[in-house]
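Participant: The structure is given below, and queries will be raised subsequently.
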RNA sequence: GGCGCUGUGGCCAAGUGGUUUAAGGCGAAGCUCUGCAAAAGCUUUAUUCGUCGGUUCGAAUCCGACCGGCGCCUCCA
């Protein structure tokens with residue numbers, strides 16, 4: 068039984084899908100005017116892990132992530148660069164998909180874009196207008212927040228407090244400062260779409276309402292996004308969708324915590340961010356994913372390179388065991404003893420952890436415990452049969468690789484080194500072996516040192532010498 | 001000002017009433033292996049959970065006060 072902390076109720080609730088085994092899930096995606104940063108990728112990765120775990124648990128997930136391809140920032144960039152907005156949006160949407168793939172994030176079933184959903188959006192606004200929840204001021208259409216009695220139910224705010232807090236810019240067209248745009252009248256030179264209110268484009272919140280319902284229905288299971296979207300974005304989505312459709316909108320709201328740098332939220336406006344693209348040049352997807360999985364998705368998380376390096380070091384424990392497994396399978400199947408290891412216990416522990424509001428740090432701990440115990444057994448026994456290794460591989464493939472995405476059994480250590488280079492290294496290793504046998508340690512050490520200088524680290528073990536490519 | 005989150009070992013971070021005198025990772029120390037080294041593996045590493053009170057047979061976990069950090073209330077994952 069999976070439990071999920073629901074922002075709406077502020078409680079952990081048992082997860083009951085509307086139409087099992089189907090689960091409909093919507094995650095707020097990027098606005099494509101720039102590269103996304105590593106903080107954004109935390110949300111995308113944690114949402115991906117949640118999706119994978121639901122699938123692991125037997126659910127059939129329909130996963131939808133919007134790509135916002137029209138907004139103020141895209142327009143601003145298109146003016147700056149003197150390119151059509153569509154070109155900017157397509158360019159960065161492309162980067163987004165590329166980087167997501169590099170982060171081993173499973174593709175969404177649908178990536179809806181507002182510019183392709185204008186009819187749904189306009190119909191939704193019309194519905195709100197007919198129900199008198201929207202008003203038109205000279206081609207700008209606003210949502211009348213005072214009409215929606217439940218406004219604030221997600222964020223725990225109430226309208227009076229919000230008004231008295233009033234950091235909101237005064238807009239003379241609005242009846243109430245909290246009212247928000249549904250349809251924005253096009254200014255001179257801006258891209259526009261035709262509508263009953265004249266030429267313009269949709270407001271930000273309305274697109275998510277329209278697109279999520281278009282693909283997942285008026286009432287669906289899970290809606291996730293960053294903490295900063297709770298208010299006003301998700302609050303407004305509820306106000307729009309529930310009024311327009313007359314149905315309860317989303318059953319479970321999940322929100323992701325921020326990355327903290329030097330005690331501050333990582334954000335575009337503060338400029339204290341690293342793009343996912345740049346981080347990926349230094350750290351593997353597995354390292355980044357492990358780093359995120361080591362903290363619960365909902366809380367804030369400190370970020371700096373030392374911490375990523377710590378995760379990278381930790382990951383080596385997993386890849387070392389993986390290497391042992393790969394070596395085992397590269398030779399013939401072997402008979403031998405089948406040591407005792409309670410695979411089911413680890414599996415159960417993993418599930419228990421993940422069932423509890425996707426407690427990935429606990430799940431990671433189970434993986435590390437498992438690896439430690441497996442290593443111990445491998446170290447203590449010489450004649451282990453192949454089946455044992457296959458069980459180990461199977462466990463890690465379903466959990467560490469399949470759910471968390473912190474291992475990759477399809478990846479080989481040598482990377483894309485040419486065959487000739489590999490043979491050359493093997494040759495040097497052989498020469499060094501000979502030197503060692505002749506006790507010419509000076510030569511043996513020289514070979515090792517010089518290879519190290521060019522980034523190839525030799526490691527002697529009992530019966531053979533292996534090598535590793537060192538990044539730095 | 002309103003709402004919300006948060007304070008656990010040198011660092012990161014789970015745990016939210018007894019099975020925990022607190023998981024896991026990094027770091028550190030020791031050991032094994034080794035010509036040496038590296039790598040790897042193993043072992044050890046918090047009587048203590050921001051402070052002070054209270055509730056309880058029992059609290060990191062519940063309550064109160066206080067101190068500190070962060071976020072949202074404006075675009076933001």
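Residue numbers (this note's numbering): 68 to 539. Glycine included, each C-beta is placed from N, C-alpha and C at the ideal position.
Does the separation of the CB atoms of residue 523 and residue 499 fall below 8 Å?
Facilitator: No.
Participant: My understanding is that residue 63 touches residue 305, with C-beta atoms under 8 Å, so please give their C-beta distance in whole angstroms.
Facilitator: Because the chain spans 68 through 539 in this model, residue 63 falls outside it and cannot be assessed.
Participant: Since residue 201 sits in a beta bridge, which residues does DSSP pair it with?
Facilitator: For residue 201, which the question treats as bridged, DSSP gives the partners 210.
Participant: Tell me which residue opens and which closes the alpha helix (DSSP H) that residue 446 is part of.
Facilitator: Taken as a continuous stretch (DSSP letters only), the alpha helix (DSSP H) holding residue 446 covers 427-447.
Participant: If you count every other CB in all the chains shown that lies within 10 Å of the CB of residue 389, and 16 or more means buried, which is it?
Facilitator: By the 10 Å Cβ count, residue 389 comes out buried.
Participant: Return the bridge partner residues of residue 229 from the DSSP annotation.
Facilitator: According to DSSP, which records beta bridges pairwise, residue 229 is partnered with nothing at all.
Participant: What did DSSP end up calling residue 132 once you bin it into helix, strand or coil?
Facilitator: Strand, per DSSP.
Participant: Unbroken alpha helix (DSSP H) runs of length 4 or more, entirely within the segment 74-157: which are they?
Facilitator: Whole alpha helix (DSSP H) segments, 4+ residues: 105-123, 139-148.
Participant: For the alpha helix (DSSP H) containing residue 533, list its first residue and its last residue.
Facilitator: Taken as a continuous stretch (DSSP letters only), residue 533 belongs to no alpha helix (DSSP H), being part of the beta strand (DSSP E) at 532-536.
Participant: Nearest-angstrom Cα distance between residue 488 and residue 494?
Facilitator: Rounded to the nearest angstrom, the two C-alpha atoms are 10 Å apart.
Participant: Output needed for residue 211: all residues of its chain with C-beta closer than 8 Å, excluding positions within five of it in sequence on either side, in chain order.
Facilitator: Closer than 8 Å at Cβ, skipping near neighbours: 199, 200, 201, 202, 242, 243, 246.
Participant: To the nearest angstrom, report how far apart residue 71 and residue 78 are at their CA atoms.
Facilitator: Going by the C-alpha atoms only, they are around 8 Å apart.
Participant: Just confirm the distance between the C-beta atoms of residue 267 and residue 219, as a whole number of angstroms; I'd bet it's less than 8 Å.
Facilitator: No, residue 267 and residue 219 are not in contact; Cβ-Cβ is about 28 Å, not under 8 Å.
Participant: Could you compute how far the alpha carbon of residue 533 sits from the alpha carbon of residue 394?
Facilitator: Rounded to whole angstroms, residue 533 to residue 394 spans 12 Å at the Cα level.
Participant: Give me the Cβ distance between residue 289 and residue 322, rounded to the nearest whole Å; I'm assuming they're in contact under 8 Å.
Facilitator: At roughly 11 Å, the Cβ-Cβ gap does not stay under 8 Å, so residue 289 and residue 322 are not in contact.
Participant: Along the chain, which unbroken stretches of the alpha helix (DSSP H) at least 4 residues long are found entirely within the segment 316-363?
Facilitator: If we require 4 residues or more, the alpha helix (DSSP H) runs fully inside the segment 316-363 come out as 343-349, 352-360.
Participant: Just curious, the alpha helix (DSSP H) that residue 393 is in, first and last residue?
Facilitator: It spans 372-397 - the alpha helix (DSSP H) in which residue 393 sits, taken as one unbroken run.
Participant: Relative to the C-alpha of residue 464, which residue among 154, 335, 507, 123 is closest?
Facilitator: For the residues 154, 335, 507, 123, the minimum Cα distance to residue 464 belongs to 123.
Participant: Between which two residues does the alpha helix (DSSP H) carrying residue 288 extend?
Facilitator: Where residue 288 is concerned, there is no enclosing alpha helix (DSSP H), although the beta strand (DSSP E) it sits in stretches over 287-293.
Participant: Compute the beta-carbon to beta-carbon distance between residue 249 and residue 195, rounded to the nearest angstrom, for a pair I have assumed lies under 8 Å.
Facilitator: The pair is a contact, with the Cβ atoms about 7 Å apart (cut-off 8 Å).
Participant: How far does the alpha helix (DSSP H) with residue 277 in it reach, from first residue to last?
Facilitator: It spans 271-283 - the alpha helix (DSSP H) in which residue 277 sits, taken as one unbroken run.
Participant: Alpha carbon to alpha carbon, how far is residue 240 from residue 229?
Facilitator: Taking the straight line from one Cα to the other gives about 18 Å.
Participant: Taking the beta strand (DSSP E) that residue 252 falls in, what are its first and last residues?
Facilitator: Residues 247-252.
Participant: Mark residue 379 as exposed unless 16 or more other C-beta atoms lie within 10 angstroms of its C-beta, in which case mark it buried.
Facilitator: So residue 379 ends up on the buried side.
Participant: Should the segment 252-271 be called in touch with the segment 107-120, which here means at least 3 C-beta pairs below 8 Å?
Facilitator: No contact exists between the segment 252-271 and the segment 107-120.
Participant: Can you list, in chain order, the stretches of the beta strand (DSSP E) that have 3 or more residues and sit fully within the segment 452-528?
Facilitator: Fully enclosed beta strand (DSSP E) runs of 3 or longer: 523-527.
Participant: Pull up the distance between the alpha-carbon of residue 115 and that of residue 422, whole angstroms please.
Facilitator: Taking the straight line from one Cα to the other gives about 15 Å.
Participant: Rounded to whole angstroms, how far is the Cβ of residue 404 from the Cβ of residue 456, which I believe are closer than 8 Å?
Facilitator: Incorrect: roughly 12 Å between the Cβ atoms, too far for contact.
Participant: Give me, in chain order, the residues of the same chain whose beta-carbon lies closer than 7 Å to that of residue 144; leave out the 5 immediate sequence neighbours on both sides.
Facilitator: The residues are 100, 155.
Participant: Looking at the secondary structure, which residues open and close the alpha helix (DSSP H) in which residue 413 lies?
Facilitator: Taken as a continuous stretch (DSSP letters only), the alpha helix (DSSP H) holding residue 413 covers 410-422.
Participant: Assign residue 159 to buried or exposed, taking buried as 16 or more other Cβ atoms, counted over all protein chains shown, within 10 Å of its Cβ.
Facilitator: With 16 or more Cβ atoms within 10 Å of its Cβ, residue 159 is classed as buried.
Participant: Check each candidate in 438, 420, 251 and name the one with the smallest Cα separation from residue 459.
Facilitator: Looking at the Cα atoms, 438 is the closest of the given residues.
Participant: By the three-class DSSP mapping on this structure, what secondary structure does residue 369 have?
Facilitator: Looking at residue 369 - three-state DSSP - the assignment turns out to be strand.
Participant: So, using beta-carbon positions, are residue 355 and residue 170 closer together than 8 Å?
Facilitator: Result yes, Cβ atoms of residue 355 and residue 170 sit closer than 8 Å.
Participant: Quick check on the burial criterion: 16 or more other C-beta atoms within 10 angstroms. Buried or exposed for residue 139?
Facilitator: Counting Cβ neighbours within 10 Å, residue 139 comes out exposed, since fewer than 16 surround it.
Participant: Under the DSSP definition of a beta bridge, which residues are partnered with residue 401?
Facilitator: Answer is none; residue 401 lacks a bridge partner.
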